[in-house]
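The next block holds one structure in the form of structure tokens; read it before the comments.
Residue numbers (the working numbering): 17 to 144.
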């Protein structure tokens with residue numbers, strides 16, 4: 017048996033993004049996020065968050081604003097957001113210790129038309 021310490025793998029939580037247009041408003045991209053309030057309390061010291069655009073034909077708008085933090089302190093609690101080459105998934109790690117709520121903006125683009133849509137969900141950290 018080895019005396020090496022076993023480092024636990026942080027859990028990964030998925031945030032699913034759906035985007036669509038309707039016949040009533042064909043030039044408006046409706047954007048939804050599930051869960052809209054991601055509660056990390058009781059999960060552990062570190063959490064990976066996977067953001068996934070679930071609707072085909074849509075992607076994150078760009079690497080600067082696909083996932084856009086809206087509050088001070090984000091940089092102290094989260095790593096740099098990493099995007100997949102196709103811009104349909106993004107990942108970030110969270111140290112989950114501040115006890116603060118972090119609003120952020122999700123910006124998507126409809127690839128065929130160039131129309132964009134946004135939604136502003138929240139990540140709640142545990143207080144340690």
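For every residue, glycine included, the Cβ atom is placed at its ideal position computed from N, Cα and C.
None of the values given here were measured: they were computed from a predicted structure.
Item checked: Minimum C-alpha distance to residue 60 - residue among 26, 126, 119 -> 26
Item checked: Best match in 114, 110, 123 for proximity to residue 15 [C-alpha to C-alpha] -> Because residue 15 is not part of the residues shown, which for the chain are 17 to 144, the question remains open.
Item checked: Residues near residue 113 in its chain [Cβ-Cβ closer than 8 Å; skip 5 each side] -> 61, 93, 141, 142, 143, 144
Check: What residues match up with residue 119 in a beta bridge as DSSP calls it?
Finding: 138
Note to self: In the DSSP assignment, the beta strand (DSSP E) including residue 75 goes from what residue to what residue?
What the structure shows: 74 to 76
Notebook entry, point to check: Mind pulling the beta strand (DSSP E) runs of 3 or more residues that sit fully within the stretch 34 to 113?
Noted result: 46 to 50, 53 to 55, 63 to 69, 74 to 76, 83 to 85, 105 to 110
Check: In this structure, does DSSP put residue 130 in helix, strand or coil?
Finding: coil
Next item on the list: Alpha carbon to alpha carbon, how far is residue 63 from residue 98? Give it in angstroms, no decimals.
Entry: 15 Å
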